[in-house]
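Chains as they are written, first to last, in this note's numbering: chain A, 79 to 452; chain B, 26 to 427.
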């Protein structure tokens, strides 16, 4: 399939990620031991045969650039098409805000890029959503159904993004009602994953209309507003795992969910692998006294102590006598002898000195910022 | 374009001593150390030593090796000028082409490739050694001594010297005599099979060797003795550090186990000398609630529910609940089903060990031999089956009714 173009939104700011979002945009947040959040949307697109992807960024995207590079690890370093990072070129000169106010605003900000899209169809998706989406199947459904816009959605019963849009659907999957960030969710609603497939022609029309009428939000402006009046909106029912990470608490919960084999099975399928930047780390070494229980451990670690119910990223060292419980250790965290961590999220290259004891709580995990020494 | 030094990696050997492990792949493509294949070591050494042009001479079962090398991107050897080149034997003028007759003949048949880069020096490497070496230091010595040939040597215990090609040297470490597996060695400097030649000299001797119908066209047997006999400057470069020939089942098993030993001298966690590899795209490994994982290596995609100790696990290995793995090497995708025991064994890629089966057994006390059992790739050992030590399994084994 090569008639679908990917646009990934990576401009949002997520203050609720506290220290974790200081050095980075939420899309480059490390997740699941070896991934960054954007790996999921990028891989979903690439696995569906999408060859051209634009990533819309606005601020603090240096770590994202570092991660995706020229797109080589996703086979997107191409002579024609491939990966394009789209900063707000010329945006400031038009007297706009210092931050995109919504998706339509962001799309208008990269208008010249949109005009160059070679494909007839476009998929819009968030760069910080965790899901392995069957984009190819959804695209086929979109073409067959004759819908103007197809949205990915999941039943509201399974874990899903909150603070989003909900759809009332008829039996054939057509959207009969849209609830934007409702206070309460009626029975039987589907949750929108914020990923939409539509034709390039319609997208351009919507962007033009919204720019002329100062409409900046896709949800309010297009789905509910005048711009989308009369459009046929359909839902693609996704039955796998999907989550969105907007706060430290959801980061913690979503990370811990990876210890569930069913959720891992839904995210990490061998027919649709989640690709990420290769780091050339050796195998992980478990010491003679290592005790590891119910944990996800990435490559390049040296585990000599105890690790229980935790997610451990590449290159982490857990020394003898150290105990790590219900915690998330990002790359190159060094937990020295006899230290104890509970309900703690340590960012990259954090050093926990010998004998220190740190503990957060399930509802409020302790976050240690990048490069800090405790 | 002219290059100072081009490496030629001999990767065509059948590796028949690795038996079941090389039934489908060439020896250099045999998995090693949880993340790697043997060829990653010489290739990574090249790029880390500043050598960006490598010819890989293939012959035996090259498909998987070729696919693994690709355009050389994992080793940063995807270059517009130089990079990695796979060099199989080919039909030449007058249909005179032939299989590579020996190590020297393999290079002879590719004189055209070397002429393309017109190097000053040629580095000859083998594809069956595990070590980290800075070839640029060896080249420095070669240049300083104005040598025709420099041979990398290491000191081995005197009692083991009869197993190696031994270099006898003068006080300047210049070689005056080479003895292949001498019964009464005069020195303990063993050749590591790593040579640097001055290209013009090598060319001369390769052509002469090819014209000698009695020659077996081998570096150790023919080229080196001929150069010594002619009085060329031949010098030894003393290598210090870990080096192991992994040409046999026991030595391959040993070298993998050395990775678990803090004092083996082989440190793969050293970021100044990274060993690069083409990696599998898999999520991190999962260690289950009742699993035991000690003194072992494991990598991405593993799902460990049983007990693993003193073992090396490659990517995507599954050890089911109640299964036990000890002193073993499980290659990518191997599955050990419920209640099975695998000990002192090497299980090759994607092989399934059925529930309750028992593969391998500990060596007898005071035994020199480890008696490693080997199960080749893509096989199924049925439920309850027993595979004794030293077994070399190349066909499926039926299950045993409980």
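C-beta atoms are modelled at their ideal positions from N, C-alpha and C, and glycine is treated no differently.
Range of the contiguous alpha helix (DSSP H) that encloses residue i
i	result
residue 123/A	116-125
residue 160/B	160-169
residue 368/B	Where residue 368/B is concerned, there is no enclosing alpha helix (DSSP H), although the beta strand (DSSP E) it sits in stretches over 366-368.
residue 375/A	Here residue 375/A belongs to no alpha helix (DSSP H); instead the beta strand (DSSP E) covers 373-375.
residue 275/B	274-283
residue 174/B	First-last for residue 174/B: 174-180, but that is the beta strand (DSSP E), not the alpha helix (DSSP H).
residue 224/B	224-235
residue 379/B	From DSSP, residue 379/B is part of no alpha helix (DSSP H); its letter is neither H nor E.
residue 356/B	Here residue 356/B belongs to no alpha helix (DSSP H), and DSSP marks it neither H nor E.
residue 64/B	Careful: residue 64/B lies outside any alpha helix (DSSP H) and carries neither H nor E.
residue 88/B	88-94
residue 326/A	326-334
residue 223/A	213-223
Exposed unless 16 or more other CB atoms sit within 10 angstroms - verdict on residue i
i	result
residue 153/A	exposed
residue 508/A	Nothing can be reported for residue 508/A: it is not among the residues displayed for chain A, which extend from 79 to 452.
residue 171/A	Confidence at residue 171/A is low in this model, with a pLDDT of 46, below 50, so its placement is unreliable and the value that follows should be read with caution. Result: exposed.
residue 449/A	exposed
residue 145/A	buried
residue 254/A	exposed
residue 206/A	buried
residue 83/A	buried
residue 80/A	exposed
residue 231/A	buried
residue 423/A	buried
residue 377/A	buried
residue 348/A	exposed
residue 438/A	buried
residue 416/B	buried
residue 88/B	exposed
Nearest-angstrom beta carbon gap, residue j and residue i [assumed within contact, 8 Å]
i	j	result
residue 260/A	residue 244/A	6 Å
residue 59/B	residue 337/B	5 Å
residue 323/B	residue 362/A	6 Å
residue 100/A	residue 447/A	6 Å
residue 202/A	residue 85/A	5 Å
residue 261/B	residue 192/B	5 Å
residue 342/B	residue 331/B	Incorrect: roughly 11 Å between the Cβ atoms, too far for contact.
residue 78/B	residue 40/B	Residue 78/B to residue 40/B, Cβ: 25 Å. No contact.
residue 164/A	residue 195/A	Residue 164/A to residue 195/A, Cβ: 12 Å. No contact.
residue 173/B	residue 222/B	7 Å
residue 231/B	residue 136/B	7 Å
residue 114/B	residue 122/B	6 Å
Nearest candidate by alpha-carbon position, reference residue i, set the options
i	options	result
residue 74/A	136/A, 397/A, 427/A and 416/A	No answer is possible for residue 74/A: the residues shown for chain A start at 79 and end at 452.
residue 147/A	366/A, 272/A and 116/A	116/A
residue 271/B	236/B, 230/B, 129/B and 156/B	156/B
residue 46/B	397/B, 211/B and 408/B	397/B
residue 243/B	127/B, 415/B and 360/B	127/B
residue 256/A	197/A, 375/A, 359/A and 298/A	298/A
residue 248/A	263/A, 230/A, 130/A and 268/A	268/A
residue 421/B	386/B, 389/B and 382/B	382/B
residue 276/B	144/B, 190/B and 153/B	153/B
residue 138/A	121/A, 150/A, 158/A and 104/A	104/A
residue 62/B	199/B, 99/B, 167/B and 308/B	99/B
Limits of the beta strand (DSSP E) - the one that residue i falls within
i	result
residue 332/B	332-334
residue 84/A	82-88
residue 362/A	362-364
residue 128/B	Not the beta strand (DSSP E): residue 128/B falls in the alpha helix (DSSP H), residues 128-133.
residue 229/A	227-233
residue 30/B	30-35
residue 193/B	190-194
residue 310/B	310-312
residue 148/B	146-151
residue 446/A	444-446
residue 398/B	398-400
Proximity test, residue i beta-carbon vs the ligand GTP heavy atom, cut-off 7 Å
i	result
residue 289/B	The ligand GTP is absent from the structure shown, which contains no ligand whatsoever.
- Task: Evaluate contact between the stretch 301-310 of chain B and the stretch 214-232 of chain B, counting only Cβ atoms and requiring at least three cross-stretch pairs below 8 Å.
- Result: no
- Item | the stretch 311-331 of chain B / the stretch 95-113 of chain B touching (three or more Cβ pairs under 8 Å) | Between the stretch 311-331 of chain B and the stretch 95-113 of chain B, the count of Cβ pairs shorter than 8 Å is below three; the stretches do not touch.
- Item | Stretch-stretch touch, CB-based, cutoff 8 Å, three pairs: the stretch 230-246 of chain B with the stretch 432-443 of chain A | no
- Item | Sufficient close CB pairs (3 or more, under 8 Å) joining the stretch 292-299 of chain B to the stretch 57-77 of chain B | Yes, since at least three Cβ pairs between the stretch 292-299 of chain B and the stretch 57-77 of chain B fall closer than 8 Å, the two stretches touch.
- Message: So, does the stretch 133-149 of chain B touch the stretch 249-266 of chain B, judging by three or more C-beta pairs under 8 Å?
- Response: no
- Quick check: the stretch 213-226 of chain A against the stretch 178-197 of chain A, are there 3 or more CB pairs under 8 Å? no
- Message: Measuring CB atoms only, is the stretch 408-424 of chain B touching the stretch 375-395 of chain B, in the sense that at least three cross pairs come out at less than 8 Å?
- Response: yes
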